[in-house]
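**Q** Have a look at the structure that comes next, please.
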Amino acid sequence: MPHLLATTLVLVAGTILLGVAAKATGSGLACEANWPQCDAGPFNLLPANLPSFYEWFHRFVAMFAGFAIVGSAVSAWRSPDVDRRVATLVVLGMVLTPIQVYLGRETVLSYEMEILSLHFWTAILIFAMFVVATALVWKPRLRSAHIPAVLALGLISLPLHVALSPTDLGLVSDYSPTVQLLQYGVTLSLLASVIVATMVTNWRRQDRTLLGSLAGMTVLTLAVTYLGRRAVMTLNPALDQLYLVLAGVLFLAFGVAIYRTQQ
10 MPHLLATTLV
20 LVAGTILLGV
30 AAKATGSGLA
40 CEANWPQCDA
50 GPFNLLPANL
60 PSFYEWFHRF
70 VAMFAGFAIV
80 GSAVSAWRSP
90 DVDRRVATLV
100 VLGMVLTPIQ
110 VYLGRETVLS
120 YEMEILSLHF
130 WTAILIFAMF
140 VVATALVWKP
150 RLRSAHIPAV
160 LALGLISLPL
170 HVALSPTDLG
180 LVSDYSPTVQ
190 LLQYGVTLSL
200 LASVIVATMV
210 TNWRRQDRTL
220 LGSLAGMTVL
230 TLAVTYLGRR
240 AVMTLNPALD
250 QLYLVLAGVL
260 FLAFGVAIYR
270 TQQ
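Each residue of the sequence shown is one higher than the one before, counting from 10 in this note's numbering.
Structure follows, in structure tokens:
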């Protein structure tokens with residue numbers, strides 16, 4: 010079960026990133042409002058051009074991610090040795106999957122910003138569920154010593170998130186599909202780091218102050234993710250400033266949390 014969930018988590022993350030690539034390149038539009046077929050010939054296996062390939066490959070990986078989600082849910086529910094919290098999380102992920110598929114269909118057929126946002130946040134919810142479920146099944150192998158390492162991942166991810174953003178402090182002049190793919194990859198690392206650090210702290214350390222800080226950092230991470238996405242979509246200077254301020258606060262919080270784990 011641990012390896013099945015870890016594989017499913019990787020497939021979910023891969024589906025999200027490929028979806029970002031498809032959106033950034035406008036590849037969904039290459040299918041000309043066709044779904045689930047595109048322009049890929051028999052059995053949708055022969056994409057006509059590079060944009061079609063991006064969208065086709067996104068759908069292809071998403072299909073395997075869906076199979077893995079269903080398989081994880083069935084396996085967890087049927088196994089008496091699996092924590093019921095794990096079973097509940099992966100079953101909820103399975104319930105959300107057809108909703109996510111429908112939203113993915115609508116991004117091609119209607120391509121409205123509200124649908125795109127809902128599609129993204131549903132994917133993030135499924136990802137977070139599988140991060141929690143995966144951490145739960147790996148609990149026996151997670152130690153207090155892992156906390157600073159996981160927090161360090163978040164500490165590194167956060168400035169990269171800002172550097173790859175299209176704000177004034179961003180270091181990129183062209184918010185290209187590659188840059189967007191990297192930024193969202195960093196987003197997933199950032200979110201996973203605070204979730205896992207919070208869970209392991211709750212299990213392995215009797216430190217309510219640190220645990221409370223990490224819970225607050227999780228909320229801040231979601232806010233930074235939201236504002237970073239809104240900064241791209243609206244180009245609003247006020248949102249950019251709020252994003253940068255919260256990112257700075259979160260960066261300091263990561264540093265303080267790492268220091269506290271050494272005490």
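Ideal Cβ positions, reconstructed from N, Cα and C, are used throughout, including at glycine.
On a predicted model such as this, the values are computed, not experimentally measured, just so you know.
1) Figure out for me which residue from Leu231, Val171, Tyr193 and Ala144 has the closest Cα to the Cα of Asn211.
2) Over the uninterrupted alpha helix (DSSP H) stretch that includes Gly35, give me the two end residues.
3) Could you tell me the distance, in whole angstroms, from the CA atom of Ala161 to the CA atom of Phe263?
4) Buried or exposed, going by whether 16 or more other CB atoms sit within 10 Å of the CB of Gln272?
5) First and last residue of the alpha helix (DSSP H) that includes Leu98?
6) With a CB to CB cut of under 7 Å and the five nearest residues on each side skipped, what residues in its chain are close to Trp86?
7) When the Cα atoms are used, what is the spatial distance from Ala137 to Leu200?
8) So, for Ala74: in the same chain, excluding its five sequence neighbours on each side, which residues have a beta-carbon less than 6 Å away from its beta-carbon?
9) Got a sec? Which residues, its chain only, sit under 8 Å from Val159 by beta carbon, not counting five neighbours each side?
10) Asn211 by DSSP, collapsed to three states: which one?
11) Would you say Leu223 and Ala154 are within 8 Å of each other, going by their C-beta atoms?
**A** Walking through what the data contain:
1) Selected option, being the one with the closest Cα: Ala144.
2) Note, Gly35: premise wrong, no alpha helix (DSSP H); not H, not E.
3) Taking the CA atoms as reference points, Ala161 sits about 8 Å from Phe263.
4) Per the 10 Å Cβ criterion, exposed.
5) In the DSSP assignment, Leu98 falls within the unbroken alpha helix (DSSP H) covering Arg93 to Leu118.
6) Excluding sequence neighbours, Trp86 sits near Ala96 and Val100.
7) The alpha-carbon atoms of Ala137 and Leu200 are separated by roughly 8 Å.
8) For Ala74, where only same-chain residues beyond five positions count, the Cβ hits under 6 Å are Leu20, Val21 and Thr24.
9) Cβ contact annotation for Val159 (same chain, cutoff 8 Å, sequence separation greater than five): Ser202, Val205, Ala206 and Val209, in chain order.
10) Looking at Asn211 - three-state DSSP - the assignment turns out to be helix.
11) Against a cut-off of 8 Å, the Cβ pair of Ala154 and Leu223 comes out as no contact.
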